[in-house]
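Engineer: In the working numbering, the protein residues as written are 394 to 449.
This structure is in structure tokens; I'll ask about it shortly.
Shown next as structure tokens:
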């Protein structure tokens, strides 16, 4: 079992993950409610999430 730890890969840490998760959740909820299409929701979520990413 401990040998498998040699192959452990952790996902990258995303700063502001909770904020991006909220953005995505709100947009998908709007699509589910029918106030926008799924494509619109995904496009807006992507734009808003990309605006939160800061490259260092």
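Glycine included, C-beta positions come from ideal geometry on N, C-alpha and C.
All figures in this text were calculated on a predicted structure; none of them were measured in a lab.
#1: Assuming residue 437 contacts residue 420 (C-beta within less than 8 Å), just tell me the rounded distance between them.
#2: Which of the three DSSP states is assigned to residue 399 in this structure?
#3: Expressed to the nearest angstrom, what Euclidean distance is found between the alpha-carbon atoms of residue 400 and residue 426?
#4: Is residue 427 helix, strand or coil when you go by DSSP?
#5: So, using beta-carbon positions, are residue 439 and residue 409 closer together than 7 Å?
Structural biologist: The relevant details are as follows:
#1: 5 Å
#2: Reduced to three states, the DSSP call for residue 399 is helix.
#3: 42 Å
#4: coil
#5: Note that the C-beta distance between residue 439 and residue 409 is not below 7 Å.
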